[in-house]
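**Q** I have a structure I would like to understand better, so I am pasting it below and will then ask my questions one at a time.
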């Protein structure tokens, strides 16, 4: 009994200590994420008002290139550097990573590059967490925990989904597994990070799924859950998984081939920028530029519009995929997640129309499932579904996220993720079983 | 590309094959769970109408004892046998486990023993899954997967929470970790099991949390989330964790000491039955007998009543803990989970009154958190919170479940759970950090 009480006291001390440690870290991360979201919004709407800025995109790419060349050092490796630091602490995460990624992401969006936000938020989180770890003179184990909490705070803050941020940080480090070690610091960090953004009066986009009757009657048999709907969800989820492979392969290939074919490094973003301009001239509308959440003009295809019938074109998802792969593959900065949301929700829209299924539900499923396949975080994505769209369709969220995860191949967008035989042995087990 | 398509095809084959395998297994489990829930309800209401049945409880205990002595063999080890079979496949799970546990659980409840349902459902699931594994001539790896899916189907069916059943089955096997290996078969099994129960028109009890304003203003500062409420939740969660230790220790000690002190084995349930009768005569009311979900008379303390102000007494949680520890510690049959829900929700009620907090919210937190501490499944319990009570308080659910898990010591109620350094190294890490 004495021993148990002793352990309890230590746990209480642990909880209180981490609360105090996380408080300044998370408020710092949340504030910087709020600043980022505010600037990003300004940049996006400034470009809406001045569409000619797109023609400066190649120039913007060159400036990003030289900013990283001059100040970047290891910061260029972004999210992968942070994941590596958590697995095998080394030189640490440079302080300058936070302002650099913030600035270059805003530049990318100001001139119309197609990118996201989560990479930026995660890097802000990791960089600030690493700074505080030095300040508090932490040992390696504590530094790992604080870096993980930094990811949670950044992710939770940027999307307004604290629980998803918590689970994402624990789940993204290793494929096929989730460990609870850092849960408590992560939760507090994500929660405080999100609260800090709210305190700065920066708001998130709300999404809604229409009310759907998931019960069904066939030949006078009543099903509590429509089996045909479930089948449609499963087929779509396989395709969501394929879309995340395609995204990963496209980004990776563009990066590799451009490095191989173009010897003058700063010409790569110039070419990337020119390609984006060319594509936009060919399509004749700017829908697939930048973030894709707010509409540049009434009727533009955005994530929000894809939740409604007719809110996306048949190949919107492919266009966004190409735009983003070019933008990120040629050295522009930003996250992958919001484009993944866009690709998923527009693909969901297309599939819903093809299969005569509820549009808003399938847009929501694509939103989380393509992301799940690309980052290998099916539990975080299921929880994100519940946090963003409510729990009514939790079972379908889980089905979509796990099938997409299974069908997304063995490489995600973060090459630093560890794969402890998990994913591989999983694939092998399909053969033996 | 060829290679990727090849893998995708194998995955599709895997999904289709498991769908076909799971279908009869889950419908079988769901039907037997439905029969169990129907009989249980009959037994409970029959005792309500004939309260004198309680005096036959010692006799019921003797009959359960001899039933297991004659037909039981290894089935007596219950849930632990199934967990062991999944980790190290051996002699298999006996077919007779399902009818035996069903019959003896109904006997326990008919005569007023305080026990639950999930153990019964999980054993029905494991036993039927093992039967089908033999029928399909499965190899060891497939048998493990099907047994895990059997747990998911049983759990999902008995509480009407398929997603919780899925995650519970993956999470309960090993402390401090969750692996995705069996996810797909588990999900399909839990989902079909639950649907089968619904198809038999057996319904589950709905619970509601009152609408609560979790924002707060202090000294003219507005908090998106009330920090005082969060603090109250954290303090309560530590106590929920303590309650689950107390439950585990009490049940374990009663089992051990009665085996040591009473040499004639069939006298143990007689003594247990007599103690329950004595306690009930002392308290003067039957509130802590049996399941504790339906009310025996208007104003009885039940799980449902504990969601309302005044719906539980100060020590209701302790009484239920003592009743259940005696019932299960002296050889009566049934699960632990519904009593854990009862202990948690009444303790939550008491703490809410003490700390001037929202009663229904704290009853819900106790409901899931004591269970989380006792079974070491914080993610499943967080998801159960969302499935049963809606997602509004998901963050608080996660906080409560993980803190209770952290504060619940290193032993859960299932001694067969593996502890791969996870929990232990966790506790050690509190010291070093």
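Chains as they are written, first to last, in full-length UniProt numbering: chain A, 1 to 433; chain B, 1 to 433. Heads up, the beta-carbon is just placed ideally off N, CA and C, and yes, glycines get one too.
1) Find the nearest neighbour of residue 406/A within the set 182/B, 309/B, 410/B and 348/B, judged by alpha-carbon distance.
2) I'd like the list of long-range same chain contacts for residue 335/B, defined as Cβ closer than 6 Å, with 5 residues on each side in sequence excluded.
3) Which residue wins for smallest C-alpha separation from residue 486/B, given the options 184/B, 209/B, 166/B and 175/B?
4) Can residue 87/A and residue 418/A be called in contact, C-beta distance under 8 Å?
5) Start and end of the alpha helix (DSSP H) containing residue 142/B?
6) If we ignore side chains and look at the alpha-carbon of each, how far apart do residue 268/A and residue 416/A end up?
7) Verify the CB distance criterion: does residue 309/A have a CB-CB separation below 8 Å to chain B?
8) Can the beta-carbon of residue 162/A be found less than 8 Å from the beta-carbon of residue 154/A?
9) Buried or exposed: residue 349/B, going by 16 or more other Cβ atoms within 10 Å of its Cβ?
10) Classify residue 384/A: buried if its beta carbon has 16 or more other beta carbons within 10 angstroms, exposed otherwise.
11) Residues in the same chain with beta-carbon distance under 8 Å from residue 426/A, minus the five sequence neighbours each way, listed in chain order, please.
12) Have a look at the DSSP bridge pairing and note the partners of residue 205/B.
13) Taking 8 Å as the threshold (C-beta atoms), are residue 113/A and residue 332/A in contact?
14) Note the first and the last residue of the continuous beta strand (DSSP E) segment covering residue 309/B.
15) Is the beta carbon of residue 64/A closer than 8 Å to that of residue 122/A?
16) Would you say residue 357/B and residue 232/B are within 8 Å of each other, going by their C-beta atoms?
17) Determine the chain B residues that contact residue 386/A at a beta-carbon separation under 8 Å, and present them in chain order.
18) Below 6 Å CB to CB, which residues in the same chain sit around residue 187/B once its five sequence neighbours on both sides are set aside?
19) Per DSSP, residue 177/A forms a beta bridge with which residues?
20) What beta strand (DSSP E) runs, 3 residues minimum, are completely inside the region 39-97 of chain B?
21) Between 284/A, 289/A and 185/A, which has its C-alpha nearest residue 402/B's C-alpha?
22) Tell me, please, whether the CB atom of residue 123/A is closer than 8 Å to any CB atom in chain B?
23) Could you tell me whether the Cβ of residue 381/A comes closer than 8 Å to any Cβ of chain B?
24) Suppose the cutoff is 7 Å on Cβ atoms and the five residues either side in sequence are ignored; what does the same chain contact list for residue 55/A look like?
25) Is it buried or exposed, residue 283/A, if we count other Cβ atoms within 10 angstroms and call 16 or more buried?
26) Would you kindly check if the distance between the Cβ of residue 158/B and the Cβ of residue 126/B is under 8 Å?
27) I need the straight-line Cα distance from residue 100/A to residue 21/A, nearest angstrom please.
28) Assuming the contact rule is C-beta atoms closer than 8 Å, residue 368/A and residue 178/A should be a hit. Round their C-beta distance to whole Å, please.
29) Tell me which same chain residues have a C-beta within less than 6 Å of the C-beta of residue 26/B, skipping the five on either side of it?
30) Heavy atom of the ligand FAD less than 7 Å from the Cβ of residue 37/A, yes or no?
31) Cα-Cα, which of 72/B, 47/B, 39/B and 360/B is closest to residue 106/B?
32) Report the residues of the region 178-191 of chain A with a CB closer than 8 Å to any CB of chain B, ordered along the chain.
33) What distance in whole Å lies between the Cβ atoms of residue 151/A and residue 32/A, which are believed to be in contact at a cut-off of 8 Å?
34) Ends of the alpha helix (DSSP H) at residue 281/B?
35) Along chain A, which residues have their Cβ under 9 Å away from the Cβ of residue 90/B?
36) In chain A, which residues lie less than 9 Å from residue 176/B when you measure between Cβ atoms?
**A** Put simply:
1) In this structure, 182/B is the residue among 182/B, 309/B, 410/B and 348/B with its C-alpha nearest to the C-alpha of residue 406/A.
2) The beta carbon of residue 335/B lies closer than 6 Å to those of 116, 117, 118, 119 and 120 in the same chain, with the five residues before and after it left out.
3) Residue 486/B is absent from the structure shown; chain B starts at 1 and stops at 433.
4) Yes.
5) 140-159
6) 24 Å
7) Output row for residue 309/A: interface = no.
8) no
9) buried
10) buried
11) Since pLDDT at residue 426/A reaches only 47, below the 50 mark, its modelled position is unreliable, and no value is offered.
12) Beta-bridge pairing links residue 205/B to no other residue.
13) yes
14) Premise fails: residue 309/B is in no beta strand (DSSP E) and is neither H nor E.
15) no
16) yes
17) Residues of chain B passing the Cβ test: 386, 391 and 394.
18) 166
19) 179/B
20) Entirely contained in the region 39-97 of chain B, not one beta strand (DSSP E) run reaches 3 residues.
21) 185/A
22) no
23) Taking Cβ atoms only, chain B never reaches closer than 8 Å to residue 381/A, which makes this a no.
24) 277
25) Residue burial is scored here from C-beta neighbours: residue 283/A has fewer than 16 other C-beta atoms within 10 angstroms and is therefore classed as exposed.
26) no
27) Going by the C-alpha atoms only, they are around 25 Å apart.
28) Contact flag wrong, Cβ pair sits at about 16 Å.
29) 153, 189, 192 and 193
30) Of the ligands one can find in the structure shown there are none, so the ligand FAD has no counterpart to examine.
31) 39/B
32) 178, 179, 180, 181, 183, 184, 187 and 191
33) The Cβ separation is near 14 Å, so there is no contact.
34) 267-283
35) Residues of chain A passing the Cβ test: none, with the nearest at roughly 20 Å.
36) 179, 180 and 181
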